[in-house]
Amino acid sequence: LPILNQLLKIEGMNVALFVIRYFGGIKLGKRGLMNAYGKAAELVIQSVSFRPWIPTMPLIIKADIKYYSDIVQVISKFEGQIRKDFSGETLNIDIELPLDQEGQLSETLNDGSFGQVEIKKASANNTKEGSEVKGVGKRNSHPL
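Numbers 323 to 466, taken from this note's numbering, label the letters of the sequence shown in order.
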């Protein structure tokens with residue numbers, strides 16, 4: 323309850339806080355333990371900076387290597403992060419992208435590459451395999 327009371331002071335946030343007890347004795351007594359847990363929670367809350375959690379999805383992007391720098395710029399523009407770069411003779415990048423950016427990223431990459439970019443959903447554990455994402459196909463538009 324003392325930890326919960328500290329968390330309730332943070333309005334409008336979904337947070338979790340864990341206090342791990344290393345010593346199994348009761349030298350502090352019940353009231354002392356409650357005070358210690360509450361104080362520990364309070365100190366943690368005061369010392370951290372909170373940041374919003376943004377739901378993301380992992381994607382694999384494959385294309386001709388000539389699009390590498392343009393694609394990396396587009397990934398950055400849409401707040402994506404490169405998790406792993408498997409590129410060699412062809413571009414093959416594993417990225418993490420905010421969920422609400424997937425459609426725009428897909429459209430931008432396919433428009434800029436005339437449909438030459440393949441985008442697949444990736445698994446969360448950095449594998450090269452994935453399932454295809456909408457928006458891959460031939461288009462006549464401006465280059466990246």
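Glycine included, C-beta positions come from ideal geometry on N, C-alpha and C.
Treat the numbers as computed from the prediction; the structure is a model and nothing was measured.
Exercise. Between Ile415 and Gln328, what straight-line distance do the alpha-carbon atoms span, to the nearest angstrom?
Worked result: Numbered from 1 along the sequence shown, position 93 holds the residue referred to as residue 415. Numbered from 1 along the sequence shown, position 6 holds the residue referred to as residue 328. Taking C-alpha positions only, Ile415 is separated from Gln328 by approximately 43 Å.
For this session: Determine the closest residue to Ile417 out of Val396, Gln368, Lys352, with distance taken between C-alpha atoms.
Result: By 1-based counting over the sequence shown, the position of residue 417 is 95. Of the listed residues, the one whose Cα sits closest to Ile417 is Val396.
Exercise. Are Ile367 and Ile332 close, meaning C-beta to C-beta below 9 Å?
Worked result: By one-based count along the sequence shown, residue 367 stands at place 45. By one-based count along the sequence shown, residue 332 stands at place 10. Contact: yes.
For this session: Assign Asn414 to one of three DSSP states: helix, strand, or coil.
Result: One-based indexing of the sequence shown puts residue 414 at position 92. Residue state, collapsed to three classes: strand.
Exercise. Glu454 by DSSP, collapsed to three states: which one?
Worked result: Here residue 454 refers to the residue found at position 132 when the sequence shown is read from its first residue. Because the pLDDT of Glu454 is 44, which lies under 50, any placement of that residue in the model is unreliable, and the number read from its coordinates should be weighed accordingly. Strand, per DSSP.
Exercise. Roughly how many whole angstroms lie between the Cα atoms of Gly354 and Ile393?
Worked result: The residue labelled residue 354 in the question sits at position 32 within the sequence shown. The residue labelled residue 393 in the question sits at position 71 within the sequence shown. Distance between the alpha carbons of Gly354 and Ile393: 57 Å.
Problem set entry | Same chain only: Cβ atoms within 6 Å of Ile387, ignoring 5 sequence neighbours per side | Indexing the sequence shown from 1 puts residue 387 at position 65. Taken in chain order, the residues that qualify are Thr412, Leu413.
Problem set entry | Straight-line gap, Ala363 to Leu339 (C-alpha atoms, nearest Å) | Position 41 of the sequence shown, counted from the start, is the residue given in the question as residue 363. Position 17 of the sequence shown, counted from the start, is the residue given in the question as residue 339. When rounded, the distance between both Cα atoms is 7 Å.
Exercise. Across which residues does DSSP place Met379 in a beta bridge pair?
Worked result: Here residue 379 is taken as the residue at index 57 of the sequence shown, counted from 1. Looking at the DSSP assignment, Met379 forms a beta bridge with Leu419.
Problem set entry | Rounded separation between Ile404 and Asn432 - CA only | Numbered from 1 along the sequence shown, position 82 holds the residue referred to as residue 404. Numbered from 1 along the sequence shown, position 110 holds the residue referred to as residue 432. A direct Cα-to-Cα measurement between Ile404 and Asn432 gives close to 19 Å.
Exercise. For Arg353, which three-state DSSP category applies?
Worked result: Position 31 of the sequence shown holds residue 353. In the three-state DSSP reduction, Arg353 falls in the helix class (H, G or I).
For this session: Excluding the 5 residues preceding and the 5 following Gly402 in the sequence, name in chain order all residues of the same chain whose CB lies nearer than 6 Å to its CB.
Result: As a position in the sequence shown, residue 402 is number 80, starting the count at 1. Closer than 6 Å at Cβ, skipping near neighbours: Ile417, Leu419.
Exercise. What is the DSSP secondary structure of Thr338, counted as helix, strand or coil?
Worked result: Here residue 338 refers to the residue found at position 16 when the sequence shown is read from its first residue. Residue 338 is actually Ala in this sequence, not Thr. In the displayed model, Ala338 falls within coil according to three-state DSSP, outside both helix and strand.
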